[in-house]
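K.L.:
So the sequence lines, in the order shown, correspond to chains G and V. Note that our numbering gives residue 180 to position 180 of the first sequence, counting from 1, and the numbers run on in steps of one. Plus 365 on top of the position in the second sequence (first one is 1) and you've got our numbering. Ideal Cβ placement from N, Cα and C applies to all residues, glycine included. Submitted below is the structure of interest, expressed as structure tokens.
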Amino acid sequence: MIDFEPSEEQQLIVDTVRQFATNEIRKAAREADEAAALPAAVLERAHELGVVSSALPEAYGGGGARSAVTGALAAEELAYGDLAIALAVLSPTLLALPIADFGSAEQKKRWLSRFAGDRYLPGSLALVEPAFRFDPLHPATTAKRDGHEYVLDGAKCFVPWQDGVEAVLVIAAEDGEAQGFLVPRDAPGLSAAREKNLGIRALPTAELWLRGVRVPASEKLGGEGARGDSAVREILNRGRVALAACAVGVARAAFEIARDYAKERQTFGAPIATRQAIAFKLADMAIEIDGARLLAWEAAWKIDEGRDATREAAIARHQAQRVALEVADGAVQVLGGHGYIREYLPEMHLRNARGFCTFEALSLV
Amino acid sequence: MAISFEPAPNTVAAKEMYNRIAREQMRPVARKYDEQEHEMPLEFVRFMWEKGRSPPGSFTGPSDGFVQVCVQAEELCWGDAGLYLRIPSPALGGSAVAAAGTNEQKARFLNPFRDGAPKWGAMAITEAAAGSDAAAIQTTAHLEGEEWVLNGTKIFCTSGEAASTFDGGFVVVWATLDKSAGRGGIKSFVVPAKTPGMKLVGLERKLGIRASDTATLVFENCRIPKENLLGSAEVKKANPMQAGDKGFKGAMATFDASRPIVAAMAVGVGRAALDFLKGELEREGVSIRYDAPAHERTAIERDVIDMEAELQAARLLTWRAAKMMDHGKRNNLEASMAKAKAGLVVTKITQKAVEILGPLGYSQKLLAEKWMRDAKINDIYEGTQQINQLIVARRILDYSSSMLR
Numbered sequence: 001m002i003d004f005e006p007s008e009e010q011q012l013i014v015d016t017v018r019q020f021a022t023n024e025i026r027k028a029a030r031e032a033d034e035a036a037a038l039p040a041a042v043l044e045r046a047h048e049l050g051v052v053s054s055a056l057p058e059a060y061g062g063g064g065a066r067s068a069v070t071g072a073l074a075a076e077e078l079a080y081g082d083l084a085i086a087l088a089v090l091s092p093t094l095l096a097l098p099i100a101d102f103g104s105a106e107q108k109k110r111w112l113s114r115f116a117g118d119r120y121l122p123g124s125l126a127l128v129e130p131a132f133r134f135d136p137l138h139p140a141t142t143a144k145r146d147g148h149e150y151v152l153d154g155a156k157c158f159v160p161w162q163d164g165v166e167a168v169l170v171i172a173a174e175d176g177e178a179q180g181f182l183v184p185r186d187a188p189g190l191s192a193a194r195e196k197n198l199g200i201r202a203l204p205t206a207e208l209w210l211r212g213v214r215v216p217a218s219e220k221l222g223g224e225g226a227r228g229d230s231a232v233r234e235i236l237n238r239g240r241v242a243l244a245a246c247a248v249g250v251a252r253a254a255f256e257i258a259r260d261y262a263k264e265r266q267t268f269g270a271p272i273a274t275r276q277a278i279a280f281k282l283a284d285m286a287i288e289i290d291g292a293r294l295l296a297w298e299a300a301w302k303i304d305e306g307r308d309a310t311r312e313a314a315i316a317r318h319q320a321q322r323v324a325l326e327v328a329d330g331a332v333q334v335l336g337g338h339g340y341i342r343e344y345l346p347e348m349h350l351r352n353a354r355g356f357c358t359f360e361a362l363s364l365v
Numbered sequence: 366m367a368i369s370f371e372p373a374p375n376t377v378a379a380k381e382m383y384n385r386i387a388r389e390q391m392r393p394v395a396r397k398y399d400e401q402e403h404e405m406p407l408e409f410v411r412f413m414w415e416k417g418r419s420p421p422g423s424f425t426g427p428s429d430g431f432v433q434v435c436v437q438a439e440e441l442c443w444g445d446a447g448l449y450l451r452i453p454s455p456a457l458g459g460s461a462v463a464a465a466g467t468n469e470q471k472a473r474f475l476n477p478f479r480d481g482a483p484k485w486g487a488m489a490i491t492e493a494a495a496g497s498d499a500a501a502i503q504t505t506a507h508l509e510g511e512e513w514v515l516n517g518t519k520i521f522c523t524s525g526e527a528a529s530t531f532d533g534g535f536v537v538v539w540a541t542l543d544k545s546a547g548r549g550g551i552k553s554f555v556v557p558a559k560t561p562g563m564k565l566v567g568l569e570r571k572l573g574i575r576a577s578d579t580a581t582l583v584f585e586n587c588r589i590p591k592e593n594l595l596g597s598a599e600v601k602k603a604n605p606m607q608a609g610d611k612g613f614k615g616a617m618a619t620f621d622a623s624r625p626i627v628a629a630m631a632v633g634v635g636r637a638a639l640d641f642l643k644g645e646l647e648r649e650g651v652s653i654r655y656d657a658p659a660h661e662r663t664a665i666e667r668d669v670i671d672m673e674a675e676l677q678a679a680r681l682l683t684w685r686a687a688k689m690m691d692h693g694k695r696n697n698l699e700a701s702m703a704k705a706k707a708g709l710v711v712t713k714i715t716q717k718a719v720e721i722l723g724p725l726g727y728s729q730k731l732l733a734e735k736w737m738r739d740a741k742i743n744d745i746y747e748g749t750q751q752i753n754q755l756i757v758a759r760r761i762l763d764y765s766s767s768m769l770r
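Have a look at this one:
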């Protein structure tokens, strides 16, 4: 039956994460953006809350509560706090969830209990390539079999590259088909350079070069002989739903600041929120945010049902990226000059929101 | 409860049944009744009347409640929005009776719809100088002995012709008992068909939904029994929304139920255009690649994905507002969100479809141009885009109607 009410458990998660996002993430957001550095203590606290580990299998110490819908609910709340910090909190999903879904028994054993362990462990996924013609299903990065090893060559960008990342899931084409490979951070032939971006400045991302990087054949996602084309499709869909949910969170954050400001700010003897030009803009923002959220939920639900969610994930992401940008821009406009200065957050929301058309799989549900 | 997008088997069955009616009974005559404005589509009316009075058959078991009602409206308006409005039923007048009437009133006015010949209900609110601002209503009512006497002119009354002229039908008329009381003086009255003093003086010629009759009704010393007032006769000068009065408040509450349906109707028209467009593109070998990288996407693909996303967002907002009614939650904000979004989205989608279809879209050989004309009404009736924005704005800002006008 059709219904739009989260379960009691999900509501509890939403409430908890929202509180954490408001009290801890949001408060660290501006400083993190200015310093282009993550607040380590906040990430540890998020790990203690079990935002990611709750979704990992119980056999490896996780909570066993895997659900893309729940993941989307949590991602929205985290991004409502701050997008860059949210993506850092969620970065373990980039390695842990593909391993949980598609990894070999050995890969699961080696990695999952560590992601579900006492300390926060960041993850990383190298998918996007620095080319206008980038196609995630047909990467230019190649993997060639050579005896018991694969040799990886190519360039990647927008790779989350936090301190403490131990390995990165590299998507490369083997015989024209996209496959995942687990590559250690210190693999010979792998080099990284930190990027500077328009937004999500607190999240360290890197341009990555793979020059003849050799990994054992068993480091292919799923183990030697696995065919990972469908795994990459699944990663893309889950990444798009996560992005859509994060975009909704960013939009909601910008909207609330604009709404509250409009009720405070007086012109000609009355709050600007009493003027239809402002009030209607805020109404449209609220409508668009709710619409985008429902699309993200629908795509997440379809993933949970085990059905092909390619269309729904694409649609949700398409809508949410537009909405986030429009709402963030609208918020800057409502605040006027105050929206343009860095004392207020909307200018950061605008920089962050612009990225949703570029990002791919910066976190997974 | 859990978030789910899986329709109940009942909803799936209803959707199929209404889609079949849309395909077989509505589409073939859609153009005819668009061109022959003001002509009663007799065959269709009789078919729907009989369909509505036959036992529901397999529609038992768990249902999606009000969402299913929205699905039905979407399917039938996918068939034809004008003909949908022609379906004999108590319609909005019935919603008003159901929302604010006593059990006796419900029985008296709604039971006749169970059998006999086709009948219609209608709601007469709008006047030349009172649309969204219903409190500006000039039509008056006063008590003379055991009767209310109505005087005034109502325009834009959907099904006003049918409801006022076919036996057993009725028109719910909004009138004021005391102009100085503003909204507190507004009451709704049930005027049965053929009541002396209620006169049909004109039918509008419209941009779209031409199969639907839109009447001007004049009330000249129109007398109805005292028992035909919906809610109490007491005039409250304080804010009637908080006064617990079933009159104005009850009448406004019907919008919370009708707006999701109108939004669903809008989605039906939008989907008609989008389905047709996608069918034409497919026939021409143009497929929509949802996972194509951005640089490979054609302008058409981008447009279609945009249309699909917007339409689905409108549909889900509509279903959410409907579902809240099933859960017994106040949905006034969500109903206006759905209505505002759906009205605007389908206006844009149908216009885009005409654009992409080129000469085919502009020609009256196809229905695309008609859907564009039909779609626009959804941005206007049951509260314009702007009045719904105003309602949403008041709610999100926590402002009263006097703080945000």
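Based on Cα-Cα distance, which residue from Q401(V), D399(V), I386(V), S428(V) lies nearest to F409(V)?
P.N.:
Nearest of Q401(V), D399(V), I386(V), S428(V) to F409(V), Cα basis: I386(V).
K.L.:
What is the DSSP secondary structure of Y60(G), reduced to helix, strand or coil?
P.N.:
Residue state, collapsed to three classes: helix.
K.L.:
Check the C-beta distance from A373(V) over to S7(G) and give it rounded, since I have them as a contact under 8 Å.
P.N.:
Their Cβ separation, rounded to whole angstroms, is 18 Å, which puts A373(V) and S7(G) out of contact at 8 Å.
K.L.:
For my contact list, Y150(G) and V51(G) are in at a C-beta cut-off of 8 Å; report their separation, rounded to the angstrom.
P.N.:
That belief does not hold up - the Cβ atoms of Y150(G) and V51(G) are roughly 33 Å apart, past 8 Å.
K.L.:
Does K741(V) pass the burial test, meaning 16 or more other C-beta atoms within 10 Å, or should it be called exposed?
P.N.:
Buried.
K.L.:
Which word fits Q11(G), buried or exposed, when buried means at least 16 other C-beta atoms lie within 10 angstroms of its C-beta?
P.N.:
It counts as exposed.
K.L.:
For A465(V), is the classification buried or exposed, using 16 other Cβ atoms within 10 angstroms of its Cβ as the cut-off for buried?
P.N.:
A465(V) should be labelled buried.
K.L.:
What separation, rounded to the nearest whole angstrom, lies between the Cα atoms of F132(G) and E661(V)?
P.N.:
Distance between the alpha carbons of F132(G) and E661(V) is about 10 Å.
K.L.:
Quick one: which residues of the region 314-342 of chain G get their C-beta closer than 7 Å to a C-beta of chain V? List them in chain order.
P.N.:
Flagged, chain order: A314, I315, H318, Q319.
K.L.:
Grab me the residues of L335(G)'s own chain with a C-beta within less than 7 Å of its C-beta, minus the 5 sequence neighbours each way, in chain order.
P.N.:
So the list reads A258, Y261, Y344, P346, once near-sequence residues are dropped.
K.L.:
Would you call the region 746-755 of chain V and the region 693-712 of chain V in contact, with 3 or more CB pairs under 8 Å?
P.N.:
Output reads yes: the region 693-712 of chain V touches the region 746-755 of chain V.
K.L.:
Do you know offhand how far Y802(V)'s Cα is from A758(V)'s?
P.N.:
Outside the modelled stretch of chain V, which goes from 366 to 770, sits residue 802(V), for which no answer is possible.
K.L.:
Checking 7 Å against the spacing of the C-beta atoms, do A580(V) and E526(V) come in under that value?
P.N.:
Contact flag set, yes.
K.L.:
Is the CB of G291(G) under 7 Å away from at least one CB in chain V?
P.N.:
Yes, G291(G) lies at the interface with chain V (some Cβ there is under 7 Å from its Cβ).
K.L.:
Rounding to the nearest angstrom, what Cα-Cα distance links D3(G) and A292(G) in this structure?
P.N.:
Those two C-alpha atoms are separated by around 16 Å.
K.L.:
Can you find at least 3 beta carbon pairs, one from the region 636-647 of chain V and one from the region 306-313 of chain G, that sit closer than 8 Å?
P.N.:
No, the region 636-647 of chain V is not in contact with the region 306-313 of chain G.
K.L.:
On a Cα-Cα basis, can you pick out the residue from A32(G), F20(G), A46(G), A75(G) that is closest to V365(G)?
P.N.:
Residue A75(G) is the option with its Cα nearest to V365(G).
K.L.:
Indicate whether at least one CB of chain V lies closer than 7 Å to the CB of E298(G).
P.N.:
It does: the Cβ of E298(G) has a partner Cβ on chain V nearer than 7 Å.
K.L.:
So, does the CB of V757(V) fall closer than 7 Å to a CB anywhere in chain G?
P.N.:
By this cut-off, V757(V) is an interface position.
K.L.:
Does E720(V) get closer than 7 Å to chain G when you measure Cβ to Cβ?
P.N.:
Cβ-Cβ to chain G under 7 Å: no for E720(V).
K.L.:
Let me see if you follow: with CB-CB separation under 7 Å, is E234(G) close to chain V or not?
P.N.:
So, not an interface residue.
K.L.:
F102(G) and G228(G) look like a contact to me (Cβ under 8 Å); what is the Cβ gap, rounded to whole Å?
P.N.:
At roughly 7 Å, the Cβ-Cβ gap stays under 8 Å, so F102(G) and G228(G) are in contact.
K.L.:
Just verifying my parser: in three-state terms, what is the DSSP assignment at M768(V)?
P.N.:
Three-state DSSP puts M768(V) in coil, outside helix and strand.
K.L.:
Measure the Cβ-Cβ separation of L450(V) and S577(V) and say whether it is below 7 Å.
P.N.:
Yes, they are a contact pair.
K.L.:
Buried or exposed: which applies to G609(V), given that a residue is buried once 16 or more other Cβ atoms fall within 10 Å of its Cβ?
P.N.:
Only weak support is given to the placement of G609(V): the predicted model assigns it a pLDDT of 47, under 50, and the value that follows is read from those uncertain coordinates. Exposed: under 16 other Cβ atoms inside 10 Å.
K.L.:
So which residues on chain G does W684(V) lean against when the C-beta distance must stay under 7 Å?
P.N.:
I2, listed in chain order.
K.L.:
For R451(V), which three-state DSSP category applies?
P.N.:
Correct three-state label for R451(V): helix.
K.L.:
For S363(G), which residues from the same chain have a beta carbon less than 6 Å from its beta carbon, with the 5 sequence-adjacent residues on both sides left out?
P.N.:
The answer, listed in chain order, is L87, L90, T93, A242.
K.L.:
Along the chain, where does the alpha helix (DSSP H) containing A540(V) start, and where does it finish?
P.N.:
First-last for A540(V): 535-541, but that is the beta strand (DSSP E), not the alpha helix (DSSP H).
K.L.:
Ends of the beta strand (DSSP E) at P184(G)?
P.N.:
Start and end: 177-184.
K.L.:
Can you give, in chain order, each stretch of the alpha helix (DSSP H) that sits fully within the region 608-666 of chain V and has at least 4 residues?
P.N.:
DSSP runs (the alpha helix (DSSP H)) wholly in the region 608-666 of chain V: 613-648.
K.L.:
With DSSP collapsed to three states, give me the class of A405(G).
P.N.:
What the structure shows of chain G is the stretch from 1 to 365, and residue 405(G) is not part of that stretch, so it cannot be assessed.
K.L.:
CB A172(G) to CB T205(G), shorter than 7 Å?
P.N.:
Contact flag unset, no.
K.L.:
Assuming A540(V) and F554(V) are in contact, meaning their beta carbons sit under 8 Å apart, how far apart are those beta carbons, in whole angstroms?
P.N.:
That belief holds up - the Cβ atoms of A540(V) and F554(V) are roughly 6 Å apart, short of 8 Å.
K.L.:
Would you say L95(G) lies against chain V (beta-carbon separation less than 7 Å)?
P.N.:
No, because no Cβ of chain V sits closer than 7 Å to the Cβ of L95(G).
K.L.:
Under three-state DSSP, which class holds E389(V)?
P.N.:
Correct three-state label for E389(V): helix.
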